[in-house]
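Just so we're aligned, residue 105 is where the sequence shown starts under our numbering, counting upward by one. Notes follow once the structure below has been shown.
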Amino acid sequence: MLNDRSLSRMLQAGPTDRRSFARTSATDEVVIDWHMMPGLPGRYELVNESANGCLIQSTLPLLDGMTGRIRARLPRGDGGRVSVVVAWSRCIDGRYHVGLRFFASC
105 MLNDRSLSRM LQAGPTDRRS FARTSATDEV VIDWHMMPGL PGRYELVNES
155 ANGCLIQSTL PLLDGMTGRI RARLPRGDGG RVSVVVAWSR CIDGRYHVGL
205 RFFASC
């Protein structure tokens, strides 16, 4: 179900320059439950992250606009329960680099 009130809050938040947040390298992996594929979580290598998103690597392209929820961060096992949306996906050196944007809690 599309919630118009939630969409209007997201649009009013204003654009943020994703490059204005410091990125830190990462060697962890994330497990993501994709909403369009219930019961089929994906495990991805985390390349870097910032306060508003992260970059992962995938063997398959992920569609712009896909939404999901990070279940866990491995090997620590914590850091889950963050909602994400695929902002972009590009093939680089035979692997897909995928930019994920974190959803702000409403």
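All C-beta atoms in this analysis are idealised placements derived from N, C-alpha and C, irrespective of residue type, glycine included. As the structure is a computational prediction, the values presented were derived from the model and not from experiment.
With 16 or more neighbouring CB atoms inside 10 Å of its own CB, Cys158 falls in the buried class. Listed as beta-bridge partners of Thr171 by DSSP are Val189. Annotation for Phe207: Ser187 place their beta carbon closer than 6 Å to its own, counting only its chain and skipping 5 residues before and after.
The three-state secondary structure of Gly157, taken from DSSP, is strand.
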